[in-house]
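This report concerns only the one structure given below.
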Amino acid sequence: MKVLMFGWEFPPHITGGLGTACYGLTKGLAKQNVDVIFVVPKAYGDEDQSAVRLVNASDLIIDTADTDYQEFWKKITYMEIGSNLIPYVGPEEFKRYAEENKLDEVTLDEKVYRTKFTFSGKYGKDLLAEVSRYALIGAGVAQKSDFDIIHAHDWLTYPAGIAAKKVTGKPLVVHMHATEFDRSGENVNQEVYEIEKKGMEEADRVITVSNFTRAIVIEKYGINPDKIFTVHNAVDPSDTEVGEYQRHVKEKVVTFLGRLTFQKGPEYFIEAAAMILKRDKNVRFVMAGTGDMMNKMIKRAAQLHISSNFHFTGFLKGSDVDKMFALSDVFVMPSVSEPFGIVPLEAMRSNVPVVISKQSGVSEILKHALKVDFWDINGLADAIWGLLHYDSLYKMFIKYGKTEVDNLKWDNAAFKVTEVYNSLFK
Amino acid sequence: MRSICFYFQVHQPFRLRTYRFFDIGENHYYYNDFENSHILRRIAQRSYLPMNDLLLKLMKKHGKAFKVTFSITGTALEQFQAYAPEVIESFQRLAATGNVEFLAETYAHSLASVKSKTEFRKQVELHSKKIEELFGQKPTVFRNTELIYSDEIGEMVYDLGYNTMLTEGARHILGWKSPNYMYCNARNPKLKVLLKNYRLSDDIAFRFSHHGWPEWPLTADKFVGWLNDVDAKEEVVNLFMDYETFGEHQWKETGIFDFMSALPGKVLKDSPYKFATPSELGSTMQPVSAIHVQHPISWADEERDLTAWIGNEMQDEAIDNLYQLEEKVAKCSDPEIQKDWHNLQNSDHFYYMCTKWFSDGDVHKYFNPYNSPYEAFINYMNVLSDFIIRVNQNCGAEGGEYHKLIEKTEELGKEIESVARNTFKKTAAKVKAVFEDEKGKTYTFDEIKDMSNESLKKLVKEVDIENWVYALKDAGEEFTEKIVPNFTKKAAKEYDKLKEEIKIRKTDIEASRKSISEKISKLFS
Numbered sequence: 292m293k294v295l296m297f298g299w300e301f302p303p304h305i306t307g308g309l310g311t312a313c314y315g316l317t318k319g320l321a322k323q324n325v326d327v328i329f330v331v332p333k334a335y336g337d338e339d340q341s342a343v344r345l346v347n348a349s350d351l352i353i354d355t356a357d358t359d360y361q362e363f364w365k366k367i368t369y370m371e372i373g374s375n376l377i378p379y380v381g382p383e384e385f386k387r388y389a390e391e392n393k394l395d396e397v398t399l400d401e402k403v404y405r406t407k408f409t410f411s412g413k414y415g416k417d418l419l420a421e422v423s424r425y426a427l428i429g430a431g432v433a434q435k436s437d438f439d440i441i442h443a444h445d446w447l448t449y450p451a452g453i454a455a456k457k458v459t460g461k462p463l464v465v466h467m468h469a470t471e472f473d474r475s476g477e478n479v480n481q482e483v484y485e486i487e488k489k490g491m492e493e494a495d496r497v498i499t500v501s502n503f504t505r506a507i508v509i510e511k512y513g514i515n516p517d518k519i520f521t522v523h524n525a526v527d528p529s530d531t532e533v534g535e536y537q538r539h540v541k542e543k544v545v546t547f548l549g550r551l552t553f554q555k556g557p558e559y560f561i562e563a564a565a566m567i568l569k570r571d572k573n574v575r576f577v578m579a580g581t582g583d584m585m586n587k588m589i590k591r592a593a594q595l596h597i598s599s600n601f602h603f604t605g606f607l608k609g610s611d612v613d614k615m616f617a618l619s620d621v622f623v624m625p626s627v628s629e630p631f632g633i634v635p636l637e638a639m640r641s642n643v644p645v646v647i648s649k650q651s652g653v654s655e656i657l658k659h660a661l662k663v664d665f666w667d668i669n670g671l672a673d674a675i676w677g678l679l680h681y682d683s684l685y686k687m688f689i690k691y692g693k694t695e696v697d698n699l700k701w702d703n704a705a706f707k708v709t710e711v712y713n714s715l716f717k
Numbered sequence: 211m212r213s214i215c216f217y218f219q220v221h222q223p224f225r226l227r228t229y230r231f232f233d234i235g236e237n238h239y240y241y242n243d244f245e246n247s248h249i250l251r252r253i254a255q256r257s258y259l260p261m262n263d264l265l266l267k268l269m270k271k272h273g274k275a276f277k278v279t280f281s282i283t284g285t286a287l288e289q290f291q292a293y294a295p296e297v298i299e300s301f302q303r304l305a306a307t308g309n310v311e312f313l314a315e316t317y318a319h320s321l322a323s324v325k326s327k328t329e330f331r332k333q334v335e336l337h338s339k340k341i342e343e344l345f346g347q348k349p350t351v352f353r354n355t356e357l358i359y360s361d362e363i364g365e366m367v368y369d370l371g372y373n374t375m376l377t378e379g380a381r382h383i384l385g386w387k388s389p390n391y392m393y394c395n396a397r398n399p400k401l402k403v404l405l406k407n408y409r410l411s412d413d414i415a416f417r418f419s420h421h422g423w424p425e426w427p428l429t430a431d432k433f434v435g436w437l438n439d440v441d442a443k444e445e446v447v448n449l450f451m452d453y454e455t456f457g458e459h460q461w462k463e464t465g466i467f468d469f470m471s472a473l474p475g476k477v478l479k480d481s482p483y484k485f486a487t488p489s490e491l492g493s494t495m496q497p498v499s500a501i502h503v504q505h506p507i508s509w510a511d512e513e514r515d516l517t518a519w520i521g522n523e524m525q526d527e528a529i530d531n532l533y534q535l536e537e538k539v540a541k542c543s544d545p546e547i548q549k550d551w552h553n554l555q556n557s558d559h560f561y562y563m564c565t566k567w568f569s570d571g572d573v574h575k576y577f578n579p580y581n582s583p584y585e586a587f588i589n590y591m592n593v594l595s596d597f598i599i600r601v602n603q604n605c606g607a608e609g610g611e612y613h614k615l616i617e618k619t620e621e622l623g624k625e626i627e628s629v630a631r632n633t634f635k636k637t638a639a640k641v642k643a644v645f646e647d648e649k650g651k652t653y654t655f656d657e658i659k660d661m662s663n664e665s666l667k668k669l670v671k672e673v674d675i676e677n678w679v680y681a682l683k684d685a686g687e688e689f690t691e692k693i694v695p696n697f698t699k700k701a702a703k704e705y706d707k708l709k710e711e712i713k714i715r716k717t718d719i720e721a722s723r724k725s726i727s728e729k730i731s732k733l734f735s
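Chains A and B, in that order, give the protein sequences. Start counting the first sequence at 292; every next residue gets the next number (my numbering). Start counting the second sequence at 211; every next residue gets the next number (my numbering).
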């Protein structure tokens, strides 16, 4: 079986969990004898290509004379709505993009009808324009390639998926890694919502990363439940040895790791930290990551007078993440709405017990994790306290946590995905 | 004679409220009153009350031929008294028929039998007293929490004065043997042991309403048929189950009440069995052999062991921490601490921490207030942390010393106080006497000789210099030496001057001395 897959990012150049998930899944699929053509907007050249043929969209020559493209372009122009949509971007980047885009008065047509497109490869202010252009390229790739199924990851690639389906008539699977409601709460961006809805309506199968997301898809997008399948994510076994890093603080360390955005609930972590520090000063809290709520969080920590025990690290990646886990005693993910949430699995893989919100997909599959409602600051503080103070609890998590995560294999997830593929040909 | 022995277990734990770490040391109330009263009242309405009524009717109908046995924990009785006293009355009506036996067990439905012999004895005695108080009969047969039994526990029970005990007819203990005989303890053969027939018991307790069960629906006829199928040589069928089976585990709609209503009549009519209580069986039956139970068994789960309550790290830490307090609590008379000490021993708390269910995927959620064993553990440990603080403050070794010190200090304080009071009284009396002496006393001019300079200075100011001149005339050096140095410079000059100028008559001298005497009286008495 051959699958044409549309993604937006791929390790090591990632800004969120999507790249990691795509990577794990394609590796798992390769073991199931599924060939994958993975299309990303811009390949840097150092991605791990052992599992997939990575097509760099920027390198693709488009024949603008082809009438199909022109016709398709007409179809997708209505989806092109440039505006202030900037997911996955930190405050500095936000500013830079905004300034750049004020100067950028180039019309879309000019960009589109160049023979070779260059994608920024990052999410920017002209994101929707890029999404549209990516769709155009997608159709081109589709027409020139041989495959059985189209698989599109997240809304950014749905137009490409739809385009490819229109051009080739092959079945389309869309993969919901997150919904607009997770990203923005109830203040959804209508354009993004429409693209997601359209993508799922056009799709022959919808894969959601959790039942939590599946419920949102049914309830808020009105998608037919019969074609929605949940495939939980997994995590790769760690290649770092635990204990490789030397700890420099004698206090216990409680860690938050993720983008500092509404979705991730960093403020609940701070409030819980303050409650614990009132009782026990021998704890340090670390907030790793960056995002639009960073300054607010720094201010709040100062207001609560906990800054001496509350630390911000900024964005961590690669080995820094493993290092952070090695230094942590408890990992906390208080997400307000988390379609899946792969980071707690990485923490458990490094022998760190986790406290996660019930509003997360990962809480559906984990047994050896403490689960609280994200808004329940008391419960959150209590769970962290329990892990820090009751030895046997900590030991239980160490004993069972890693094994549990090691059994969540991408191979199993990939197997479920192939089952979804196969159901298309029955 | 072949017998059927029905025994029903009645227990409800004191469920803990959500108790956060910041409550530790601040808030000493541990229970979820709303949940406890709510659950208790619900089960009373659905199960205890209707089933008691049914049993009462059956006893009226069959007279002495129908008998049942109950074991009701102290914890459950306390909750009935608090939330549903009509249930106690209903049990009392059953007790009054004379066809109902009550068993002894640990007051708090605790695991004391495997943790502490002394605590075990105390709780059994406390429970026995409570049963006697409420139902007018002293239990003579023992059943342990969750039917937990071992050779050692059996021996301990005999030492407490019971000669019959109930436990599970666990397959791994019995092997080829049948549970339908009387057995005896392996260490002390004087203790008789009755074993639960788990197949026939569970047919009623667990499988009754299970539609996937090939034997469904179960009728009284069918059940009596099975009883008749039991080998004719076997003497007793022990049907032991939770009382909540009737109306709560098996809802009224499943027909469980109809089944129980029909069963006694059918048994008495169509089978050779009679109904009997454990104490009757204990006094009439002879054991066929000893039963060897080295490691404790119970009636829980497939394993029929203690792993539902003890064994994982969390359960062990919690229960060990709890029983470490035993000695200190024993020295403590505070009724609140005693109450919490019992309630924290409810086996249910440890049951909620069980992680076994993870592996077979069968999460035991029935009546379980927690979403996971981890939450159960954290909550319990928070409560226990507070309890430990209270115990250390109020009783225990350090607490005891502390209290002795306080008592000593108080005694000493009282002593000091009484001494101080007496001294004060005496002084006050003296002062009073002096004052009374002085009061109203008329002073003479001679008084001046004994007066202090301070008083004289006061006096000098109050009297005209002229008067002094008269008064001191011929009064002698004793007087002038007292008075003159107390004059101001100005007054002294005037005195010297007037002394030369004024002609003094004897009457003037008398009058002046008299007026000065009056002045003294006025000033100092």
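Where a beta carbon is used, it is the ideal one built from N, C-alpha and C, also for glycine.
#1: Within 10 angstroms of the Cβ of residue 504/B, are there 16 or more other Cβ atoms? Answer buried if so, exposed if not.
#2: Could you spell out the range, first to last residue, of the beta strand (DSSP E) harbouring residue 484/B?
#3: Compute every distance between the C-beta of residue 539/B and the non-hydrogen atoms of the ligand ADP, then say whether any falls below 7 Å.
#4: Whose CA, out of 293/B, 637/B, 322/B, 287/B, lies closest to the CA of residue 312/B?
#5: In its own chain, which residues sit with a C-beta less than 6 Å from the C-beta of residue 482/B, not counting the 5 before and 5 after it?
#6: Name the DSSP beta bridge partners of residue 605/A, please?
#7: Quick one, which of 321/A, 691/A, 687/A, 645/A has its alpha-carbon nearest residue 671/A's?
#8: Which residues bound the alpha helix (DSSP H) around residue 494/B?
#9: How about residue 599/B: is its C-beta nearer than 8 Å to some C-beta of chain A?
#10: Could you round the C-beta distance between residue 470/A and residue 521/A to whole angstroms and report it? I think they count as a contact, below 8 Å.
#11: Please work out which residues of its chain come closer than 6 Å, Cβ to Cβ, to residue 677/B, disregarding the five sequence neighbours upstream and downstream, and give them in chain order.
#12: Please report the residue range of the alpha helix (DSSP H) in which residue 695/A lies.
#13: Quick check: is the beta carbon of residue 584/B nearer than 8 Å to any beta carbon in chain A?
#14: Which residues in chain B sit within 9 Å of residue 677/A, going by Cβ to Cβ distance?
#15: Please confirm whether residue 362/A has its beta-carbon closer than 8 Å to some beta-carbon of chain B.
#16: May I have the straight-line CA-CA distance separating residue 411/B from residue 405/B, to the nearest angstrom?
#17: With a threshold of 8 Å between beta carbons, is residue 522/B in contact with chain A?
#18: Give the secondary structure of residue 403/B by DSSP, where H, G and I count as helix, E and B as strand, and everything else as coil.
#19: According to DSSP, simplified to helix, strand and coil, what is residue 314/B?
#20: With distance defined between alpha-carbon atoms, name the residue in 369/B, 419/B, 232/B nearest to residue 327/B.
#21: Do you know how far the Cα of residue 666/A is from the Cα of residue 332/A?
#22: Is the beta carbon of residue 422/A sitting closer than 8 Å to the one on residue 295/A?
#23: Between 628/A, 639/A, 626/A, 507/A, which lies nearest to residue 619/A when the distance is taken from Cα to Cα?
#24: Within 10 angstroms of its Cβ, does residue 567/A collect 16 or more other Cβ (buried), or is it exposed?
#25: I want to see whether chain B comes within less than 8 Å of residue 684/A, judged by CB atoms only; does it?
#26: Which bits of chain B does residue 566/A rub up against, with CB to CB less than 8 Å?
#27: With distance defined between alpha-carbon atoms, name the residue in 373/B, 376/B, 303/B nearest to residue 345/B.
#28: Under 8 Å by Cβ, that's how I've got residue 486/A and residue 462/A pegged, so tell me the actual separation to the nearest angstrom.
#29: Using a beta-carbon distance below 8 Å, is residue 563/A in contact with chain B?
#30: For a test of the three-state rule: what should DSSP assign to residue 156/B, helix, strand or coil?
#31: DSSP beta-bridge partners for residue 393/B?
#32: Below 8 Å on the Cβ atoms is my guess for residue 566/B versus residue 517/B; work out the distance and round it to an integer in Å.
#33: From the DSSP output, read off the bridge partner residues of residue 215/B.
#34: Report, in whole angstroms, the separation of the C-beta atoms of residue 308/A and residue 448/A, which I expect to be a contact under 8 Å.
#35: Report, in whole angstroms, the separation of the C-beta atoms of residue 359/B and residue 507/B, which I expect to be a contact under 8 Å.
#36: Taking contact to mean at least 3 C-beta pairs separated by less than 8 Å, is the stretch 457–466 of chain B in contact with the stretch 335–345 of chain B?
Here's the rundown:
#1: exposed
#2: 483–485
#3: Absent from the structure shown: the ligand ADP. Ligands present: none.
#4: 287/B
#5: 212
#6: 579/A, 580/A
#7: 645/A
#8: 488–494
#9: no
#10: So it is not a contact: roughly 14 Å between Cβ atoms.
#11: 722
#12: 682–697
#13: yes
#14: 231, 584, 585, 587, 588, 589, 591, 592
#15: Note that residue 362/A scores 43 on pLDDT, short of 50, meaning its location in the model is unreliable; the coordinates nonetheless yield the value given after this. No - not a single Cβ of chain B is within 8 Å of the one on residue 362/A.
#16: 11 Å
#17: yes
#18: strand
#19: strand
#20: 369/B
#21: 37 Å
#22: no
#23: 639/A
#24: buried
#25: yes
#26: 232
#27: 303/B
#28: About 19 Å; that fails the 8 Å criterion.
#29: no
#30: Residue numbering for chain B in the displayed model covers 211 to 735; residue 156/B lies beyond these limits and cannot be assessed.
#31: 403/B, 499/B
#32: 6 Å
#33: 448/B
#34: Actually they do not touch by this definition, with Cβ atoms about 15 Å apart.
#35: 6 Å
#36: no
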